[in-house]
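A short write-up of the structure that comes next.
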Amino acid sequence: AQSVSQHNHHVILSEAASLELGCNYSYGGTVNLFWYVQYPGQHLQLLLKYFSGDPLVKGIKGFEAEFIKSKFSFNLRKPSVQWSDTAEYFCAVISSGGGADGLTFGKGTHLIIQP
Amino acid sequence: NAGVTQTPKFRILKIGQSMTLQCTQDMNHNYMYWYRQDPGMGLKLIYYSVGAGITDKGEVPNGYNVSRSTTEDFPLRLELAAPSQTSVYFCASRWGRGSSTDTQYFGPGTRLTVL
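Residue numbers (this note's numbering), protein chains in the order written: chain A, 39 to 153; chain B, 9 to 123.
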């Protein structure tokens, strides 16, 4: 069975600080990886995804993530955060076998950006 | 496109009552999903469907039922509501058909409280 671990449940940063949110997954086969964001009162939106090729993927709003296969990690980064980045961030994984599986999510990281 | 829509947005039930959470997508997606989100626990898969007439259990199906009579609709039914079903419920859909790289699109959620 797949599992996803997000290291930090709550992160508080000041505006312009750099951000890195950790994500590790456990799965015996190949996977596709996703980061979703949930702004207060809104539904989940895709930030970025990795399925093959360049392990450094760029997403919306200046976010990027790096897939390190040897470490089973897919950490999310942003060089300079803004107050509007305050949200809940979820890392998710799905088997790349093409089945109908749903996503397996981590427990989420609640990010608060202080002005 | 409206994407994935869910009704109602909020609902309070008494123990033992039943209700149906509605989910509709207008993207002609084959695969549809129901997740529940509990505080600090991420999202967990309840049921999913790969097409009209085909459904299957996810990680936490007990206490729920689903049906998929059309491509667009995927209602979730609670027959005997229990306090443990207090949660936020998200419906999602994706194209599917042998690809796991496509994005899952989420609805705005239904916040259910069982008292």
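C-beta: ideal position from N, C-alpha, C; glycine also. This structure is a prediction, so every number in the text was calculated from the model and none was measured.
- When DSSP assignments are scanned along the region 82-120 of chain B, the uninterrupted stretches of beta strand (DSSP E) that are 3 or more residues long and fall wholly within it turn out to be 84-86 and 95-102.
- Across the set A:Gly-60, A:Ser-90 and A:Pro-93, the C-alpha of A:Gly-60 shows the shortest separation from the C-alpha of His-48 of chain A.
- Closest in C-alpha terms to Phe-143 of chain A, from the list A:Val-75, A:Lys-99 and A:Ser-122, comes A:Val-75.
- Of all residues in the region 100-129 of chain A, the ones placed with a Cβ closer than 8 Å to any Cβ belonging to chain B are Phe-128, in chain order.
- In the DSSP assignment, Glu-58 of chain A is bridged to A:Arg-115.
- Using a CB distance below 7 Å, the part of the region 110-123 of chain B facing chain A consists of Thr-111, Gln-112, Phe-114, Gly-115, Pro-116 and Gly-117, ordered along the chain.
- In the structure shown, Lys-65 of chain B adopts extended strand secondary structure according to DSSP, grouped into three states.
- With contacts defined as CB atoms closer than 7 Å, Tyr-56 of chain B and Tyr-72 of chain B fail to qualify as a contacting pair.
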